[in-house]
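In what follows, a single structure is set out as structure tokens and then discussed.
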């Protein structure tokens with residue numbers, strides 16, 4: 234899973250929306266953010282605070298995502314989407330709930346930004362003559378080596 238990058242929190246989200254690009258933003262109402270107890274070492278602090286954060290985003294039913302971006306987001310991140318069509322991200326890297334929330338939101342923004350980029354169109358190219366010649370020469374060499382391993386033919 235992607236790790237969170239350092240981003241400026243004030244420019245990334247506010248109470249109403251999360252800005253992905255200049256022309257794409259997702260309302261915070263569509264995101265479900267829940268806090269839970271994180272696992273691992275940490276002693277008494279970990280056992281008493283809900284510092285881990287899980288983000289759920291209904292990718293397949295979101296009206297704010299254009300169809301092409303939605304399709305790319307689903308196809309590139311199938312393992313992060315549950316049976317209900319929700320993109321599920323979680324972070325428990327930090328001891329502070331706010332930093333975990335910032336981390337999970339930055340992971341979400343990064344995934345959607347990557348999906349905004351259209352895939353490159355592959356241009357078909359021909360195999361160079363030198364590569365073709367080298368491949369045929371290699372095949373001839375192997376064929377000759379195998380021919381020399383055979384039992385000699387009897388001359389009648």
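In the numbering used here, the protein residues as written are 234 to 389.
For every residue, glycine included, the Cβ atom is placed at its ideal position computed from N, Cα and C.
Leaving aside the five residues before and after residue i along the sequence, list all residues of the same chain whose C-beta is less than 8 Å from its C-beta, in chain order.
i	result
residue 325	271, 272, 273, 284, 285, 286 and 333
Taking all protein chains shown into account, decide if residue i is buried (16 or more other Cβ within 10 angstroms of its Cβ) or exposed.
i	result
residue 375	exposed
residue 341	buried
residue 339	buried
residue 294	exposed
residue 329	exposed
residue 288	buried
residue 383	exposed
residue 335	buried
So what's residue i in DSSP terms, helix, strand or just coil?
i	result
residue 285	strand
residue 383	coil
residue 265	strand
residue 247	coil
Here's a check: name, in chain order, each residue in its chain whose Cβ is nearer than 7 Å to the Cβ of residue i, leaving out the five neighbours to either side.
i	result
residue 311	none
residue 260	249, 250 and 297
residue 379	none
According to DSSP, what are the bridge partners of residue i?
i	result
residue 358	BP columns for residue 358 are empty, so no partner.
residue 291	319
residue 258	252
For the ligand FAD, any of its heavy atoms closer than 7 Å to the Cβ of residue i?
i	result
residue 324	Of the ligands one can find in the structure shown there are none, so the ligand FAD has no counterpart to examine.
For residue i, which residues from the same chain have a beta carbon less than 6 Å from its beta carbon, with the 5 sequence-adjacent residues on both sides left out?
i	result
residue 290	264 and 320
residue 345	253
| message | If we require 3 or more residues per run, which beta strand (DSSP E) segments fall completely within the stretch 299 to 380? | response | Listed in chain order, they are 319 to 324.
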